[in-house]
Amino acid sequence: MITKVRNVFSKCAVAALLTMLLAGLAAPTVATEVVETNRAKIPVADQSRESLSRASREALAQVVVKMSGKRDSVKNPVLSAAIRNPTKLLRSYQFEVIDQTLYLVADFDAESIESILRTEGFPIWDQRRPDGLLWLALEQDNGNRVILDEANSRELGQVITTTAEQRGVPVSMPLMDITDSQAISIYDVWGQFASSLTQASQRYGADFVLGARIYRNDGLSSAEFSPSGSGEPGDGGNEQEDALYRALANERQAKLQGRASFSDEEFRAMNANTGEGDYALDWVLIGGDKVHVGTLYGESPVQLSENLLHEYADFLAGKFAIVPVDEPGEASSVEISVANLDSLNRYVEALRYLNSLSVVDAAVLEQQSGSVGTFRLGLIGSFEDFATAVALENHLQPVTDGAGQRVEGKHYYWND
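Going left to right, the sequence shown walks through residues -31 to -1, 1 to 385 as mature numbering (1 follows the signal peptide of the UniProt record, and there is no 0) numbers them.
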């Protein structure tokens, strides 16, 4: 029965909502992509039973990692047993030829896998994933430095694309067309200037921006910023250019010295791979009003690029994957109010959206008054997890006051 909602919004919330309506306030753009986390694509030699069996096991292992965000989840005894016998969870499969390579494309039962993950205490990572943009500069054997794009990075681009797909993280590389060339230079990417990277990335609408540079591991000094790679900051003929290189070196050193001021807990995984190798990769990650830096070491640019994508995926999982706080079936309950539901279709869409979130175990419409609906949510995580999940898209916007501050309570405004 539909009953009247009493005191759904405080006076402050109503005033803020009216302000939004009268001002025609547009919701900020959020870049997210829905990833098929229950699907994996594995290269195979043929369509034999042996190839199907091997690839199915590998595909399920990949899906488990994508859905949990945890690379070590496949070592869990229960999940490991499921991976050894993937047919119980295999929903459908087909063979496809892509770029002259034969692949097994397998779809698994997402609901059953999620249930196992919850029972075993692993996180659940929603299909909605933030978009990332990677600016990658490479020092070539001849000392030249280039910003890689799809046209000049076939080998590295392929490993980046493959690893991102395996982990379920949307990552693209810049076009490096005229617009990009005018917005950013090799010095900006090599120097890892956060402001320059952020500004040049605006056209792509990415949530997270990665800047990275790969070079032979001969030690980092101010010489690394010389455009010629000769080790000298210039020939004395351009004082302004010399000052730029010195500034780049100083900023990088300041970042490395100030690393402890960033969140060690969020980035302990990213720094864990630090060691020795023939090549080094310095990275800067920009997103959520924070800037993080670090260094990885490896035996080749290909290995470093793959490791960078794995560590980036681990970071996103740590930020967005939901760790169940209760036993399955004992989800916490919370009530939210949603405005701008001025039609039956919008009520249906809002309810469907809420039930599609991994953090929501169940959502029901409890009360309705005009264009305001009250929903009861059963959550497998905390309300903060719910707020983080909906922030990835524009459908639910927190109601704010005239100063842009969120009003007290759990009040939202619906956007189609």
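Yeah, the Cβ is synthetic: ideal placement off N, Cα and C, and Gly gets one too.
For residue i, the residue or residues it bridges with in DSSP
| i | result |
| --- | --- |
| D76 | R8 and S61 |
| I93 | I291 |
| E304 | R345 |
| K379 | Paired residue(s): none; K379 is not in a bridge. |
| P99 | T1 |
| V66 | L71 |
| H261 | L254 |
| V115 | L107 |
Whole-Å CB distance - residue i paired with residue j, under 8 Å assumed
| i | j | result |
| --- | --- | --- |
| Y281 | G101 | 7 Å |
| G342 | A358 | In fact, because the Cβ distance is near 19 Å, the residues do not count as touching under 8 Å. |
| A14 | A75 | 16 Å between Cβ atoms; not a contact. |
Three-way DSSP call (helix, strand, coil) for residue i in this model
| i | result |
| --- | --- |
| I349 | coil |
| A332 | strand |
| L179 | strand |
| I155 | helix |
| S338 | strand |
| F355 | helix |
| G126 | helix |
| G160 | helix |
| P143 | coil |
| Q366 | strand |
| A169 | helix |
| D110 | coil |
Cβ-heavy atom distance, residue i to the ligand NAP, below 7 Å
| i | result |
| --- | --- |
| I52 | The model on display carries no ligand, and the ligand NAP is accordingly not part of it. |
Straight-line Cα distance separating residue j from residue i
| i | j | result |
| --- | --- | --- |
| S42 | Q272 | 22 Å |
| E275 | I116 | 17 Å |
| V33 | A286 | 13 Å |
| L21 | K57 | 14 Å |
| I129 | E335 | 46 Å |
| T1 | A50 | 33 Å |
| G263 | F289 | 21 Å |
| D385 | S37 | 29 Å |
| Q16 | S306 | 53 Å |
Buried or exposed (CB count within 10 angstroms, at least 16 for buried), residue i
| i | result |
| --- | --- |
| T132 | buried |
| K379 | buried |
| N45 | buried |
| I183 | buried |
| L313 | exposed |
| T6 | buried |
| V317 | exposed |
| M239 | The predicted position of M239 is uncertain, since its pLDDT is 47 and thus under 50; a value taken from the coordinates is nonetheless stated next. Label assigned to M239: buried. |
| K259 | exposed |
| P12 | exposed |
| G373 | exposed |
| I147 | exposed |
8 Å Cβ cutoff, residue i in contact with chain D
| i | result |
| --- | --- |
| V158 | Looking at the structure shown, chain D is missing, and only one protein chain is on hand. |
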